[in-house]
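In what follows, a single structure is set out as structure tokens and then discussed.
Residue numbers (my numbering): 5 to 270.
Right, dumping it as structure tokens:
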């Protein structure tokens, strides 16, 4: 009986080790897939810009070079974070205060490089709206959402040339300590059979060649900020996503028990 118990115990230990190893490999696989997805988007923009640089004069080089450098910097930073953390979870947000409309401008510029000429992107974020968030992570969130919208519009155009001009509109507003954003397009909409699993890894892509990771990454990053990302509407007239991002909650105010203030109150 003792020998049987030891063998059973050894088998349990070995099985537990195999399960742990499988879980680590699965986590690493998801992490690599996430990085590969975002890195592909960033480097795709950088590659297109560099192609244009080879055909332009010095004034245009000065215009495009900073954008190329910014794209490469984000790619390098993303790789460094993965090597540092080595797991599926993203590093905690490194929050800072900044004007949201300037970040939206950067997102639009990066997408506009490879978007169809028949797609117009609108930044309707108020110029005085500040937000408390991780700038790089929010850039990734918005890039994934806007790029998905642009690709849906381009797919619609390839299937039916001569359709109305495609538009993508970003809006934002503040309600107390929460910033809300909407990202809308007038594309063909998301198929109903996909809508129920939009934010599941490898499950949500309705586009040939898509990985089904963009919305998963975006939702994970928004949740890390304590916010939410969801599909508001989708149909033949277009698609709208909504996102909320609350400010950081700081320490209790001295002398006022139970009352908290946001980081932007400081």
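Beta carbons: idealized from backbone N, C-alpha and C, even for Gly. The structure displayed is predicted, hence computed values, not measured ones.
Residue 127 and residue 143 have their C-alpha atoms some 14 Å from each other. Membership of residue 242 in the beta strand (DSSP E) is indicated by the continuous run 242-250. If you look at residue 136, you'll find it in the beta strand (DSSP E) that goes 134-137.
Going by DSSP, residue 173 is part of the beta strand (DSSP E) stretching over 170-179.
Where residue 182 is concerned, the enclosing beta strand (DSSP E) starts and stops at 182-189. The Cβ atoms of residue 183 and residue 249 lie closer than 8 Å to each other. Contact between residue 46 and residue 78 holds: CB atoms are separated by about 5 Å, below the 8 Å threshold. Around the beta carbon of residue 222, 16 or more other beta carbons sit within 10 angstroms, so the residue counts as buried. In the DSSP assignment, the residues bridged to residue 123 are 170. A direct Cα-Cα distance of roughly 18 Å separates residue 198 from residue 154. In this structure, residue 193 sits away from residue 230, with a CB-CB distance that is not shorter than 8 Å. Between residue 124 and residue 158, the beta carbon gap of about 13 Å keeps them out of contact (Cβ cut-off 8 Å). A direct Cα-Cα distance of roughly 13 Å separates residue 48 from residue 73. Excluding sequence positions up to five before and after residue 114, its CB lies within less than 6 Å of the CB of 49, all in the same chain and listed in chain order. Here residue 15 is exposed: its Cβ has fewer than 16 other Cβ atoms, across all protein chains shown, within 10 Å.
Secondary structure note for residue 218: its alpha helix (DSSP H) is the uninterrupted segment 218-228. DSSP places residue 235 inside the beta strand (DSSP E), whose first and last residues are 232-239. Cα atoms of residue 20 and residue 43: separation of roughly 34 Å, rounded to the nearest angstrom. Take residue 191, set aside five residues on each side of it, and the residues of its chain with a beta-carbon closer than 7 Å to its own are 153, 156, 157, 160, 170, 242 and 243, in chain order. Ranked by how close their Cα comes to the Cα of residue 39, the residues 217, 245, 236 and 253 have 217 in first place. Excluding the 5 residues flanking it on each side, residue 141 has same chain C-beta neighbours closer than 6 Å at 97 and 225, in chain order.
Taking 8 Å as the cut-off, the Cβ atoms of residue 101 and residue 138 do not count as close.
Of the residues assessed, residue 151 falls on the buried side of the cut-off, its CB having 16 or more other CB atoms within 10 angstroms.
In this structure, residue 129 and residue 105 form a Cβ contact; the two beta carbons are roughly 4 Å apart against a cut-off of 8 Å. Closest in C-alpha terms to residue 232, from the list 200, 239 and 145, comes 145. Under the three-state reduction of DSSP, residue 100 is assigned to strand.
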